[in-house]
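Just so it is clear: in the sequence shown, position 253 is 253 by the UniProt record's numbering, and no numbers are missing. C-beta: ideal position from N, C-alpha, C; glycine also. Keep in mind that this is a model prediction, so the values were computed, not measured.
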Amino acid sequence: MASSTYVSALLRRLCSSGECQAVDAARTLGDLSAGSADSRTAIVEAGAIPALVQRISRTAPGEDLLEAAARLLRNLSAGNSRNAAAIAAAGAIPPLLQCLFTSRSEAVQVQAAMALSGLSFDSLDCSVAISAAGGIPAVLQHLRSSSCSEHVQLQAARVLVILVRDPEIREAVAAAGGIPLLVQCLSSSTSEAILRTTASEQVQAAAAGALALLSRDSPDNSAAIAASGGIVALQQLLYSSPKEEVREIAAAALHSLSNSEQAGAAVLDSEGAAQVRTAPAGAAPTTAPTTAGDAPAVVDAEAAAPAARVCRGVRYCSEACSRAHWRTHKPECRRLHAAAAAAAAAQP
Numbered sequence: 001m002a003s004s005t006y007v008s009a010l011l012r013r014l015c016s017s018g019e020c021q022a023v024d025a026a027r028t029l030g031d032l033s034a035g036s037a038d039s040r041t042a043i044v045e046a047g048a049i050p051a052l053v054q055r056i057s058r059t060a061p062g063e064d065l066l067e068a069a070a071r072l073l074r075n076l077s078a079g080n081s082r083n084a085a086a087i088a089a090a091g092a093i094p095p096l097l098q099c100l101f102t103s104r105s106e107a108v109q110v111q112a113a114m115a116l117s118g119l120s121f122d123s124l125d126c127s128v129a130i131s132a133a134g135g136i137p138a139v140l141q142h143l144r145s146s147s148c149s150e151h152v153q154l155q156a157a158r159v160l161v162i163l164v165r166d167p168e169i170r171e172a173v174a175a176a177g178g179i180p181l182l183v184q185c186l187s188s189s190t191s192e193a194i195l196r197t198t199a200s201e202q203v204q205a206a207a208a209g210a211l212a213l214l215s216r217d218s219p220d221n222s223a224a225i226a227a228s229g230g231i232v233a234l235q236q237l238l239y240s241s242p243k244e245e246v247r248e249i250a251a252a253a254l255h256s257l258s259n260s261e262q263a264g265a266a267v268l269d270s271e272g273a274a275q276v277r278t279a280p281a282g283a284a285p286t287t288a289p290t291t292a293g294d295a296p297a298v299v300d301a302e303a304a305a306p307a308a309r310v311c312r313g314v315r316y317c318s319e320a321c322s323r324a325h326w327r328t329h330k331p332e333c334r335r336l337h338a339a340a341a342a343a344a345a346a347q348p
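1) Give the DSSP-derived three-state secondary structure of S103 in the structure shown.
2) Measure the CB-CB distance between S200 and A233 and report whether it falls below 8 Å.
3) Classify P219 as helix, strand or coil using the three-state DSSP reduction.
4) Are at least three pairs of beta-carbons, each pair with one atom in the region 169-180 and one in the region 147-154, less than 8 Å apart?
5) Alpha carbon to alpha carbon, what distance is there between V246 and L214?
6) How would you call C99, buried or exposed, if buried means at least 16 neighbouring beta carbons within 10 angstroms?
7) Please look up how many angstroms separate the CB atoms of E63 and S105, rounded, as I've assumed it's under 8 Å.
8) Return the CA-CA distance between R216 and S57, expressed in angstroms with no decimal places.
9) Buried or exposed for residue 351, please, with buried defined as at least 16 other CB atoms from any protein chain shown within 10 angstroms of its CB.
10) Please list, in chain order, all residues of the same chain as E19 whose beta carbon is under 7 Å from its beta carbon, the five residues on each side excluded.
11) Could you give the C-beta distance for residue 353 and C126, rounded to a whole number, given that I count them as a contact under 8 Å?
12) Buried or exposed, going by whether 16 or more other CB atoms sit within 10 Å of the CB of S17?
13) Using a 10 Å radius around the Cβ and a threshold of 16 neighbouring Cβ atoms, would you call F121 buried or exposed?
14) Spatial neighbours of A224 within its chain, please: C-beta separation below 7 Å, excluding the five flanking residues on both sides.
15) To the nearest angstrom, report how far apart N83 and A132 are at their CA atoms.
16) In this structure, does DSSP put D8 in helix, strand or coil?
17) Taking 8 Å as the threshold (C-beta atoms), are A205 and I249 in contact?
18) Here's a check: name, in chain order, each residue in its chain whose Cβ is nearer than 7 Å to the Cβ of A34, leaving out the five neighbours to either side.
19) For M114, which residues in the same chain have their Cβ closer than 6 Å to its Cβ, ignoring the five residues on either side in sequence?
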C-alpha cells in the first residue's frame, strides 16, 4: 500500500508542476491504483479525484497526460460505485467525452472509453449523466468511423452496451442511428473468418449484447434491427462464430427479438431457412436431449420448434412438447439470456 505522504507528494506534483512532471505523477498514481484496493483508497482520500479532474479541465493537456489521467480514473472507478459517483460529481465526464470526440491518439480514446465504462457499469446515474453530456454521439462516432481501430471500436461498443441498460437511453441510441451501426459491427468480419481477431470477435459480442438490450420490450427497435439486417447477421454469428461466448450472446439477441411480433416472425423464418439448408430432404434425423435430462430423443430437425432453438437454453423433444412448455419457460429464459448477454458483452 502506498503511504499517504507519498500519495500527497505525487498529487502536489500533478497539480503544480509542468506537463512532463504531471504526466509522471499521473502514471505513478495509475500504477499504484492498479495494485490494491488500499492504494486506491489512499489516493481517493488524498483528494486525487478533484485534483485530477481540475488538471485536465483547466488547461489544454497533452495526449500523454490525458491518457494517464483517464487510466487513473478508470482504475479508481472500476467496481466502486462510490468512487464513480465522486468522479462524476467532480466533472470528469465532459473531459473524458472530449477525449473521445477530439483526440487523435488511440491510447487516449481507449482509456477514455474504458473510464466511461467503469463509471457507468455500477451506476445508472453515471450512465444518464454520460448520455446527457453527449456520450451517445461520441460513442457512435467510433462505431461509424472506418478509420478507428478495432480496439477503439471495442471499447466504444462496451460503453454502449452498458448505457443501453437504461430504457430511455435505448430510445436515444436508436434515434441517433445506433442500430444500423451495431448491425454493421456484427457483419464486419463474418464473411472472412480467416480475418477474425480476438478484438473483432469481442466487438461482435458487444454489438450483439447491445442489440439484445435495445430490442427488449421495444417493438420499434426490434423492427429496426430486423430491417437493418440484424437477424441475418445474428444468425450468421450463431452458426459460424468459433467462440462460444459470441454464439451465446447472438442467441440471446435472437431470443429477445423473437418476443416481438414482427421481428419474431422474421427470426422464426430465418431460423427455419437455416435448418432447411443444414438438413436437406432425406437427411437422417438428428437427436437432442429432452428437457428432463432423459436419454436423447430422435427428432426431425425441421420439425423441432424454432423458438426453442433460438433460446439454446433448452431443447424440446418435439414440436408438441415445445408448444406445451415454451410459454412457461420463455419469460425466465428471456430474463436470464438478456442479463447474461449484457454482462458478458460489457466485460473488459
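Working from what's here:
1) When secondary structure is reduced to three states using DSSP, S103 falls in the coil class, being assigned neither helix nor strand.
2) No; because the gap between Cβ atoms is not below 8 Å, this pair is not in contact.
3) The DSSP-derived three-state label of P219 is helix.
4) no
5) Taking the straight line from one Cα to the other gives about 17 Å.
6) buried
7) 4 Å
8) 38 Å
9) Look at the range of the chain in this structure, 1 to 348, and you will see that residue 351 is not part of it.
10) G62, L65
11) The structure shown does not extend to residue 353, since the chain spans only 1 to 348, so no value can be given for it.
12) exposed
13) buried
14) A174, I179
15) 20 Å
16) The sequence as given places Ser at residue 8; Asp does not occur at that position. S8: helix per DSSP, three-state reduction.
17) Cβ atoms of I249 and A205: closer than 8 Å.
18) N75
19) R74, Q155
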